[in-house]
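Engineer: According to the numbering used here, the sequence shown holds residues 12 to 211 in order.
Heads up, the beta-carbon is just placed ideally off N, CA and C, and yes, glycines get one too.
Take this structure, written in structure tokens, and hold onto it; I'll ask about it next.
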Amino acid sequence: MSKVVPLQVLFFASIAVGQQKSDSQVKLLTVCEVLGGVNRFADSAVAVVGRKERSVSVIDHYEFLSQDRCDHPVITHGHRWSNKIQIWVDWEEGMPKPPSDSPTLQGAVLAAKLSVVRKTTRLGSHQEPRFKADGHPSTASGAVPNEWAVVYGRIVRSPRLDENCGVAGCGRDDAPLIIIAEPSEVHKLGDNGKPLPKDE
Numbered sequence: 012m013s014k015v016v017p018l019q020v021l022f023f024a025s026i027a028v029g030q031q032k033s034d035s036q037v038k039l040l041t042v043c044e045v046l047g048g049v050n051r052f053a054d055s056a057v058a059v060v061g062r063k064e065r066s067v068s069v070i071d072h073y074e075f076l077s078q079d080r081c082d083h084p085v086i087t088h089g090h091r092w093s094n095k096i097q098i099w100v101d102w103e104e105g106m107p108k109p110p111s112d113s114p115t116l117q118g119a120v121l122a123a124k125l126s127v128v129r130k131t132t133r134l135g136s137h138q139e140p141r142f143k144a145d146g147h148p149s150t151a152s153g154a155v156p157n158e159w160a161v162v163y164g165r166i167v168r169s170p171r172l173d174e175n176c177g178v179a180g181c182g183r184d185d186a187p188l189i190i191i192a193e194p195s196e197v198h199k200l201g202d203n204g205k206p207l208p209k210d211e
């Protein structure tokens, strides 16, 4: 989907930037845990484990962390939001800033959190457009596998979270929360919860 309005325009300028945390204070959470505590985790720096998937068009793409069958989904104005958090790594002026630190996450805790996610969530795949040899888009699309991932960043509410769009929602990608992160803080995980090399 194309970006109609720059994301930073939709954020209130008064959003506070929280203090950075040491490694021992960084919370490692699943997607469902974050969605079940929107008020608690908004504007917090946390690490989130989930399925990394994409929404891709010819001109744009968005990435998300998701988890299936959350016990406490986000519901506003009768609309049940998707169980996913948008990943935002292209910081722009006016947006809340991502954390500047790079904590070392405990391997045992990371593996345990991914194990929880995998009990309800299968990796699956998403569709991406194909391109011809000359670089022009093809009419065909193909399935691309999703990945397990952990992202360390700042949780912020979607600018549309409090809009009353009715039961049908406000359209677009239907993510109630955004995690603003440095590109280096998005890590692919193996099935055992261990981070994979960047080129895998």
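Under a Cβ-count criterion, where at least 16 other Cβ atoms within 10 Å of its own Cβ denotes burial, should ASN81 be classed as buried or exposed?
Structural biologist: As a first step, residue 81 must be located in the sequence shown, where it is residue number 70. In the sequence as displayed, the identity of residue 81 is Cys instead of Asn. Buried, by the Cβ-count rule.
Engineer: Give me the Cα-Cα distance between PRO206 and GLU193, rounded to the nearest whole angstrom.
Structural biologist: Position 195 of the sequence shown holds residue 206. Position 182 of the sequence shown holds residue 193. Distance between the alpha carbons of PRO206 and GLU193 is about 16 Å.
Engineer: How should CYS43 be labelled, buried or exposed, when 16 other C-beta atoms within 10 angstroms of its C-beta is the threshold for buried?
Structural biologist: Sequence index remark: in the sequence shown, residue 43 carries index 32 (1-based). Result: buried.
Engineer: Should GLU196 go down as buried or exposed, given a rule of 16 or more other Cβ atoms within 10 Å for buried?
Structural biologist: Mapped onto the sequence shown, residue 196 falls at position 185. So GLU196 counts as buried.
Engineer: Could you check the C-alpha separation between LYS63 and GLU158 for me, to the nearest Å?
Structural biologist: Here residue 63 is taken as the residue at index 52 of the sequence shown, counted from 1. Here residue 158 is taken as the residue at index 147 of the sequence shown, counted from 1. Their backbone Cα atoms lie some 5 Å apart in a straight line.
Engineer: Closer than 8 Å by C-beta to SER126: which residues in its own chain qualify, once you throw out the five before and the five after it? Chain order, please.
Structural biologist: Translated into the one-based positions of the sequence shown, residue 126 becomes position 115. Same-chain partners within the cutoff: GLY204.
Engineer: Shortest alpha-carbon distance to LEU161 belongs to which of ASN175, VAL120 and VAL178?
Structural biologist: As a first step, residue 161 must be located in the sequence shown, where it is residue number 150. The sequence given here places Val at residue 161; Leu does not occur at that position. For VAL161, the nearest C-alpha among the options comes from VAL120.
Engineer: Determine the contact status of TRP102 and ILE191, defining contact as a CB-CB distance below 9 Å.
Structural biologist: Taking the first residue of the sequence shown as position 1, residue 102 is located at position 91. Taking the first residue of the sequence shown as position 1, residue 191 is located at position 180. Cβ atoms of TRP102 and ILE191: closer than 9 Å.
Engineer: How is the alpha helix (DSSP H) around LYS130 delimited, first residue to last?
Structural biologist: Counted from its first residue, the sequence shown places residue 130 at position 119. 118-131 is the extent of the alpha helix (DSSP H) around LYS130.
Engineer: So what does DSSP say about LEU76, is it helix, strand or coil?
Structural biologist: Here the question's residue 76 lines up with position 65 in the sequence shown. LEU76 falls in the strand class under three-state DSSP.
Engineer: Report the CB separation of THR41 from VAL57 in whole angstroms; it is logged as a contact under 8 Å.
Structural biologist: On the sequence shown, position 30 is the one that residue 41 refers to. On the sequence shown, position 46 is the one that residue 57 refers to. Rounded, the Cβ-Cβ distance is 11 Å, inconsistent with contact.
Engineer: Taking 9 Å as the threshold (C-beta atoms), are GLY164 and PRO84 in contact?
Structural biologist: The residue you call residue 84 lines up with position 73 of the sequence shown. The residue you call residue 164 lines up with position 153 of the sequence shown. For PRO84 and GLY164, no; Cβs fall outside 9 Å.
Engineer: Return the chain-ordered list of same chain residues with a C-beta closer than 8 Å to the C-beta of GLY177, the five sequence neighbours on each side being excluded.
Structural biologist: Stepping through the sequence shown from its first residue, residue 177 is reached at position 166. So the qualifying residues of the chain are HIS88, GLY89 and HIS90.
Engineer: Can you say whether THR115 is buried or exposed, counting buried as having 16 or more other CB atoms within 10 angstroms of its CB?
Structural biologist: As a first step, residue 115 must be located in the sequence shown, where it is residue number 104. THR115 is exposed by the Cβ-count criterion.
Engineer: Along the chain, where does the beta strand (DSSP E) that runs through ARG165 open and close?
Structural biologist: The count along the sequence shown starts at 1 and reaches residue 165 at position 154. Segment 158-168, the beta strand (DSSP E) holding ARG165.
Engineer: Taking the continuous alpha helix (DSSP H) assigned at VAL42, which residues delimit it?
Structural biologist: By 1-based counting over the sequence shown, the position of residue 42 is 31. That run of the alpha helix (DSSP H) goes 42-46.
Engineer: What residue does the beta strand (DSSP E) around VAL197 start on, and which one ends it?
Structural biologist: Indexing the sequence shown from 1 puts residue 197 at position 186. First-last of the beta strand (DSSP E) with VAL197: 197-200.
Engineer: Excluding five sequence neighbours on each side, which residues of the same chain lie with their C-beta closer than 6 Å to the C-beta of HIS72?
Structural biologist: Position 61 of the sequence shown, counting from 1, holds the residue named residue 72. Closer than 6 Å at the Cβ level, and outside the excluded window around HIS72, lie ARG65.
Engineer: Is there at least one Cβ from chain B nearer than 9 Å to GLY89's Cβ?
Structural biologist: In the structure shown, chain B does not exist; there is a single protein chain.
Engineer: Exposed or buried, what is HIS107 when buried is set at 16 or more other beta-carbons lying within 10 Å of its beta-carbon?
Structural biologist: Taking the first residue of the sequence shown as position 1, residue 107 is located at position 96. For clarity, residue 107 is Pro in the given sequence; the question names His instead. Looking at its Cβ environment, which holds 16 or more other Cβ atoms inside 10 Å, PRO107 is buried.
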